[in-house]
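Take a look at the structure below.
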Amino acid sequence: MVNFSLEGKVALVTGAAYGIGLAIAKALAGAGAKIAFNCKNPSTLERGIQAYKEAGIDAKAYLCDVTNEDDVKKMVADIEATIGSVDILVNNAGIIKRIPMHEMAVDEFRQVIDIDLIGPFICSKAVIPAMINKGGGKIINICSMMSELGRETVSAYAAAKGGLKMLTRNIASEYGEYNIQCNGIGPGYIATEQTAPLRERQPDGSRHPFDSFIIAKTPAARWGTPEDLEGPALFLASSASDFVNGHILYVDGGILGYIGKQPK
Numbered sequence: 005m006v007n008f009s010l011e012g013k014v015a016l017v018t019g020a021a022y023g024i025g026l027a028i029a030k031a032l033a034g035a036g037a038k039i040a041f042n043c044k045n046p047s048t049l050e051r052g053i054q055a056y057k058e059a060g061i062d063a064k065a066y067l068c069d070v071t072n073e074d075d076v077k078k079m080v081a082d083i084e085a086t087i088g089s090v091d092i093l094v095n096n097a098g099i100i101k102r103i104p105m106h107e108m109a110v111d112e113f114r115q116v117i118d119i120d121l122i123g124p125f126i127c128s129k130a131v132i133p134a135m136i137n138k139g140g141g142k143i144i145n146i147c148s149m150m151s152e153l154g155r156e157t158v159s160a161y162a163a164a165k166g167g168l169k170m171l172t173r174n175i176a177s178e179y180g181e182y183n184i185q186c187n188g189i190g191p192g193y194i195a196t197e198q199t200a201p202l203r204e205r206q207p208d209g210s211r212h213p214f215d216s217f218i219i220a221k222t223p224a225a226r227w228g229t230p231e232d233l234e235g236p237a238l239f240l241a242s243s244a245s246d247f248v249n250g251h252i253l254y255v256d257g258g259i260l261g262y263i264g265k266q267p268k
């Protein structure tokens, strides 16, 4: 019988004060996992603490920069000492900078790579030894459709998420023999507060041009919601996915499989 229970498991979800990370953490908690999460901004961390309290989840919160290896080591050590070693790591922390490549400063490009790619490397490296000793574990990397596609103004993000896809496959290849499964989730366009300006109605009541573009490109004809990622995350975090490794599960409403409508 398929078992989606996470009773007795410890899950670390990075950057999970709100949005996709918070939704995934809530789903894992609902299946029985103990939750730890981090943010590097104190006010955002406090916002997350309140969100978990309101949801009735006793989550451990950490002020931690995922690009700082010492910070991550301290966080993981404290999690191990207080609630147990990490069974499930969700590498969710990430940023995007929408800047034409020829106008983008090297430091801006590097910042995106550091958070979106090197951060998952650091966090995964920190939890893998305990997973090996424990006899298994789950790592879920939040990838993107930009792990497969290019688009104007997102050169750094696409490079990072493409790299994260291959890091996912390499972790699966290197540590599969230790019963560690590393998979990715590639969200499509998700309705969050960050994307809210792209969905605002125009003064004449029409859709924002980008909103219209996404609706036309998505067979589901809607934006996704953070809740759409809960089921995929629970599957990849549970024993139901024990023979799934190195896979990127795209939760995009069908965009990547769709050529688009023929112009009228």
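Be aware that the sequence shown starts at 5, since it is given in my numbering, and climbs by one per residue.
Just so it is clear, CB atoms sit at the ideal spot from N, CA and C, and this is done for glycine as well.
Considering only their Cβ atoms, is the gap separating residue j from residue i smaller than 8 Å?
i: Ala163; j: Ile117; result: yes
i: Asn174; j: Gly140; result: no
i: Ala63; j: Ala109; result: no
In terms of alpha-carbon separation, which member of the options lies closest to residue i?
i: Glu50; options: Glu112, Phe214, Ala20, Ile146; result: Ala20
i: Ala59; options: Gly34, Lys77, Glu73; result: Gly34
i: Met150; options: Asp120, Ser128, Lys138; result: Asp120
i: Gln115; options: Gly98, His106, Gly166; result: Gly98
i: Pro201; options: His212, Pro191, Tyr193; result: His212
i: Glu152; options: Pro46, Gly141, Leu168; result: Leu168
i: Ala195; options: Asn42, Gln185, Ala225, Gly123; result: Ala225
i: Met216; options: Asn95, Cys68, Arg203, Ile184; result: Met is not the amino acid found at residue 216; the sequence shown has Ser there. Selected option, being the one with the closest Cα: Arg203.
i: Glu181; options: Lys142, Lys101, Thr199, Gln206; result: Lys142
i: Thr199; options: Asn174, Thr229, Ser210; result: Thr229
i: Glu231; options: Ala63, Lys268, Glu178, Val255; result: Val255
i: Asn249; options: Glu73, Lys268, Pro267, Ala176; result: Ala176
i: Glu107; options: Ala160, Ala29, Gly257, Gly209; result: Ala160
i: Thr86; options: Glu178, Ala40, Gly257; result: Ala40
i: Asp82; options: Ile53, Met5, Asn42, Gly209; result: Asn42
i: Leu93; options: Pro104, Gly257, Pro133; result: Pro133
i: Phe113; options: Tyr179, Lys165, Ser210, Gln266; result: Lys165
i: Pro191; options: Gly235, Phe214, Gln206, Glu178; result: Gly235
i: Met135; options: Asp111, Gly257, Asp91; result: Asp91
So, at 8 Å on beta carbons, what are the nonlocal neighbours of residue i in its own chain, with the 5 sequence-adjacent residues on each side left out?
i: Tyr262; result: Lys221, Thr222, Pro223
i: Gly188; result: Ile144, Asn145, Ile146, Cys147, Ser151, Leu168, Lys169, Thr172, His251, Ile252, Leu253
i: Pro46; result: Leu67
i: Arg155; result: Ala162
i: Ala55; result: Ala21, Tyr22, Leu26
i: Ile61; result: Ala29, Lys30, Ala33, Ile39
Leaving out five residues before and five after residue i in sequence, what residues of the same chain have Cβ atoms less than 7 Å from its Cβ?
i: Ala130; result: Val76, Lys77, Val80
i: Val158; result: Ile100, Arg102, Met150
Can you give me the Cβ contacts of residue i inside the same chain, cut-off strictly under 6 Å, excluding the 5 residues immediately before and after it?
i: Ala37; result: Leu10, Lys13, Ala15
i: Asn7; result: Ser243
i: Tyr193; result: Ile218, Trp227
i: Ile53; result: Ala65
i: Gly25; result: Val17, Gly19, Asn96
Assuming residue i and residue j form a contact by the criterion Cβ under 8 Å, report the distance between their Cβ atoms to the nearest whole angstrom.
i: Ala237; j: Ala65; result: Ala237 to Ala65, Cβ: 20 Å. No contact.
i: Thr71; j: Gly123; result: 5 Å
i: Ser89; j: Gln185; result: So it is not a contact: roughly 16 Å between Cβ atoms.
i: Ala27; j: Leu233; result: 6 Å
i: Asn96; j: Thr18; result: 5 Å
i: Asp74; j: Lys44; result: Not confirmed; about 13 Å, so no contact.
I'd like the span of the alpha helix (DSSP H) that includes residue i, first residue to last.
i: Tyr34; result: It should be noted that the sequence gives Gly, not Tyr, for residue 34. Segment 23-34, the alpha helix (DSSP H) holding Gly34.
i: Pro223; result: Unbroken run through Pro223: none, as it is neither H nor E.
i: Tyr56; result: 46-58
i: Pro133; result: 123-138
Compute every distance between the C-beta of residue i and the non-hydrogen atoms of the ligand FMN, then say whether any falls below 7 Å.
i: Ala33; result: This structure lacks the ligand FMN, and indeed carries no ligand of any kind.
Counting only C-beta atoms, is residue i closer than 8 Å to chain D at any point?
i: Ser243; result: Although the question refers to chain D, the structure presented lacks it and comprises just one protein chain.
If I follow the unbroken beta strand (DSSP E) through residue i, where does it start and stop?
i: Gly141; result: 141-146
i: Pro191; result: 184-191
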